[in-house]
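S.K.: Submitted below is the structure of interest, expressed as structure tokens.
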Amino acid sequence: MEDKKEVVFEALKKAGKPLRPGDIAKMTGIDSKEVSKVIKELKSEGKVESPKRCYYAPKD
């Protein structure tokens, strides 16, 4: 699971703008349901924020 977290987090950082889980799934090749789970974990760890509904970005 750590690998997927890293991949998703890196994709968010590289994008430079808030993304939806579906966008991240397309970029990484990880299933969108899996991406949503990973984002939820990253959010609870304080690494990711949601600037607007259904969009996610890394915290500064």
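The number in our numbering is simply the position in the sequence shown, starting from 1, with 4 added.
Just so it is clear, CB atoms sit at the ideal spot from N, CA and C, and this is done for glycine as well.
#1: Would a C-beta distance cut-off of 8 Å place L46 and V39 closer than the cut-off?
#2: Among the residues of its own chain, which have a CB less than 8 Å from the CB of D35, if the five just before and after it don't count?
#3: Which one of K18, F13, L23 has the shortest CA to CA distance from S54?
#4: Just reading off the alpha helix (DSSP H) that E38 is part of, what are its end residues?
#5: Where DSSP assigns a beta bridge to P22, which residues make up the other side?
M.R.: Looking at the coordinates:
#1: no
#2: A29
#3: L23
#4: 36 to 48
#5: The partner list for P22 (beta bridge, DSSP) is empty, contrary to what the question assumes.
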